[in-house]
Amino acid sequence: MTAANRIVLSSDHTAIRLRQAIAAHIASHGWVAVDIGPTTAESSHYPEHGEAAARLVASGDCRFGIILCGTGQGIMMAANKVKGIRCGVCVDTFSARMIRQHNDANMLSIGVRVVGEGLVLDIVDAFLTAEFEGGRHATRVEMIRALEEQRPLSPEASDRQSSGSQGRLR
Ligand code: RB5
Numbered sequence: 016m017t018a019a020n021r022i023v024l025s026s027d028h029t030a031i032r033l034r035q036a037i038a039a040h041i042a043s044h045g046w047v048a049v050d051i052g053p054t055t056a057e058s059s060h061y062p063e064h065g066e067a068a069a070r071l072v073a074s075g076d077c078r079f080g081i082i083l084c085g086t087g088q089g090i091m092m093a094a095n096k097v098k099g100i101r102c103g104v105c106v107d108t109f110s111a112r113m114i115r116q117h118n119d120a121n122m123l124s125i126g127v128r129v130v131g132e133g134l135v136l137d138i139v140d141a142f143l144t145a146e147f148e149g150g151r152h153a154t155r156v157e158m159i160r161a162l163e164e165q166r167p168l169s170p171e172a173s174d175r176q177s178s179g180s181q182g183r184l185r
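Residues in the sequence shown are numbered consecutively from 16, following this note's numbering.
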């Protein structure tokens, strides 16, 4: 069962303080922050932390995941190896909104060595307040799922794929 208000947070050693700041920030907005650490500054391996957070999202225990490492890139790559995860690195609020609206991302990755805390909190807000738009974007997300499961696209999704689309951000 999906816990609709739970967000898992994880990072490697580079981003402990920022991760804790994000946890406090989202908690103040009514989310339950499930902070799975680490809490000590010893060097650690970002793939382990990315995987641990991703598994809580993929299992439905948490609605979203927010993960951090130096660049946001390595931990994002690890999280995306878990089936059902769609995670993007964001350094701006536009991308954070779009990965929800168009890609139905369920995880957000941030690079602590790339962006400062003020912008990070805005990125988190943009991600959490945007809604998936569905429609043609649902077809494309379904294409990602088919790729992940190494199966052909369903005939219904194929039909939708070949139909046209309108709008500024097609
Ligand atoms: C750790 O120095 C660094 O490599 C890691 O945090 C991350 O940036 C990897 O993608």
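Note that CB positions come from ideal geometry on N, CA and C, so glycine has one too.
Can you give me the Cβ contacts of I114 inside the same chain, cut-off strictly under 6 Å, excluding the 5 residues immediately before and after it?
G103, A120
From the DSSP output, in three-state form, read off A145 for me.
A145: coil per DSSP, three-state reduction.
Assigned secondary structure, A19 (DSSP; H/G/I helix, E/B strand, else coil):
coil
Any heavy atom of the ligand RB5 closer than 7 Å to the Cβ of C84?
yes
Could you spell out the range, first to last residue, of the alpha helix (DSSP H) harbouring I51?
Where I51 is concerned, there is no enclosing alpha helix (DSSP H), given that its DSSP letter is neither H nor E.
Are S25 and G52 close, meaning C-beta to C-beta below 8 Å?
In this structure, G52 lies closer than 8 Å to S25 by Cβ.
Under the three-state reduction of DSSP, which class applies to S169: helix, strand or coil?
coil
Is there contact here, the stretch 167-174 with the stretch 143-151, by at least three beta-carbon pairs under 8 Å?
no
Do the CB positions of V47 and A69 come within less than 8 Å of each other?
Cβ atoms of V47 and A69: not closer than 8 Å.
With contact counted as at least three CB pairs below 8 Å, one residue from each stretch, are the stretch 152-165 and the stretch 53-64 in contact?
No contact exists between the stretch 152-165 and the stretch 53-64.
Boundaries (first-last residue) of the beta strand (DSSP E) holding V104
Secondary structure note for V104: its beta strand (DSSP E) is the uninterrupted segment 102-104.
Helix, strand or coil: how does DSSP classify G80 here?
In this structure, G80 counts as strand in the three-state DSSP scheme.
Let me make sure I understand the geometry here. Which of V23, R166, L162, I37 has the alpha-carbon closest to that of L71?
Closest option to L71, Cα to Cα, is V23.
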